[in-house]
Amino acid sequence: MTTTQQQGPETTATDHRGLGVLDHRECLRRIASTPIGRIAFHDAGETVILPVNHVVDGSSIAFRARWDSVLASAVNQTSVAFEVDEFDALEGTGWSVLVRGVASTVYDEETSRRFEDRLGDQWGEQPEGTFWTSIRPDEVSGREMKATRGECGCC
Numbered sequence: 566m567t568t569t570q571q572q573g574p575e576t577t578a579t580d581h582r583g584l585g586v587l588d589h590r591e592c593l594r595r596i597a598s599t600p601i602g603r604i605a606f607h608d609a610g611e612t613v614i615l616p617v618n619h620v621v622d623g624s625s626i627a628f629r630a631r632w633d634s635v636l637a638s639a640v641n642q643t644s645v646a647f648e649v650d651e652f653d654a655l656e657g658t659g660w661s662v663l664v665r666g667v668a669s670t671v672y673d674e675e676t677s678r679r680f681e682d683r684l685g686d687q688w689g690e691q692p693e694g695t696f697w698t699s700i701r702p703d704e705v706s707g708r709e710m711k712a713t714r715g716e717c718g719c720c
């Protein structure tokens, strides 16, 4: 259940636990601002979660995989999940965004070049034999935890 609370001039939606609900646009912005995300899928009956560099393209999330990797098995499955998050233990703040959808191979060379240009800094080298995969989201959701400390910041 999502509720709406008045907090000053802005309206903020919260879930049943009091966490802020991020709208679709804010979820995509936070995905784009985070260089490493995690892709979750099933392979040979096991749940696999792997870190990937990614780019946001409209509402889709794209990442590279090697043809001979376990990550390649995520392509064309009925469902995958992609997650990014950030947490500041000192401030007591954080957020998480979850995307559920289907991953498919990107065959268009122009689209692949566009993704390559957007990727920027990478986590680890990308060897030969990689291809781009794009997740078409069926569902995008995000939550935010705001600091609950007093104004002094000490408690």
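According to our numbering, the residues represented by the sequence shown are 566 to 720, in order. From the three backbone atoms N, C-alpha and C, an ideal C-beta is built for every residue, glycine too.
Are the CB atoms of Phe606 and Val613 nearer to each other than 8 angstroms?
-> yes
Meets three-Cβ-pair contact criterion under 8 angstroms: the region 677-686 and the region 642-655 = no
Taking the continuous alpha helix (DSSP H) assigned at Asp588, which residues delimit it?
-> Neither: Asp588 is in no alpha helix (DSSP H) and is coded neither H nor E.
Cβ separation of Glu648 and Ala712, assumed to be a contact under 8 angstroms, to the nearest whole Å = Contact flag wrong, Cβ pair sits at about 22 angstroms.
Just tell me which of Phe628, Leu584, Phe696 has its CA closest to the CA of Leu684.
-> Phe628
Measuring CB to CB, does Leu584 end up less than 8 angstroms from Arg665?
-> no
Quick one, are the C-beta atoms of Leu587 and Val662 less than 8 angstroms apart?
-> yes
Under a Cβ-count criterion, where at least 16 other Cβ atoms within 10 Å of its own Cβ denotes burial, should Arg595 be classed as buried or exposed?
-> buried
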